[in-house]
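Asks:
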Amino acid sequence: MIKIGMMIGDRYEILEKIGTGGMSDVYKAKCHKLNRYVAIKVLKQEFSENANFVSKFRIEAQAAAGLMHPNIVNVYDVGEENGIYYIVMELVEGITLKKYIEKKA
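So in full-length UniProt numbering, spot 58 of the sequence shown is number 58, and the numbers just go up one at a time.
1) So does the region 47–65 actually touch the region 8–16, counting three or more Cβ pairs closer than 8 angstroms?
2) Assess contact between the region 85–93 and the region 33–44, defined as three or more Cβ pairs (one per stretch) separated by less than 8 angstroms. Is contact present?
3) Where does K44 fall in DSSP's three states?
4) Note down, one range per segment and in chain order, each alpha helix (DSSP H) of at least 4 residues found wholly within the UniProt domain "Protein kinase" (12–105).
5) Within the same chain, show all residues whose beta-carbon is closer than 6 angstroms to that of F53, passing over the 5 residues directly before and after it, in chain order.
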């Protein structure tokens, strides 16, 4: 279970939850080795015990890491610690696409 203030991978400090989806939650974190803020996507606990979901999560990380485009966030790291599966990505500040669409509608 992710808690604000906890460390992941001996370098990422969880600061706040910034989003959620069907299979994962996203947190703002600080990388203490590179002194920068990142987004960490964490597979929800109910899926982390299912090998099929863990495999899909890893495939997602590999696929995202292979993409290079100015409009796609970069993947910096991927890992597992004590049953917590995570993807570390570039943090983009601003509103979500969902909020933007709601605002313009």
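Ideal Cβ placement from N, Cα and C applies to all residues, glycine included.
Replies: Reading from the atomic positions:
1) no
2) yes
3) By one-based count along the sequence shown, residue 44 stands at place 44. If DSSP states are grouped into helix, strand and coil, K44 belongs with coil.
4) 45–48, 51–65 and 97–104
5) On the sequence shown, residue 53 is found 53 positions in, with the first residue counted as 1. The residues are F47.
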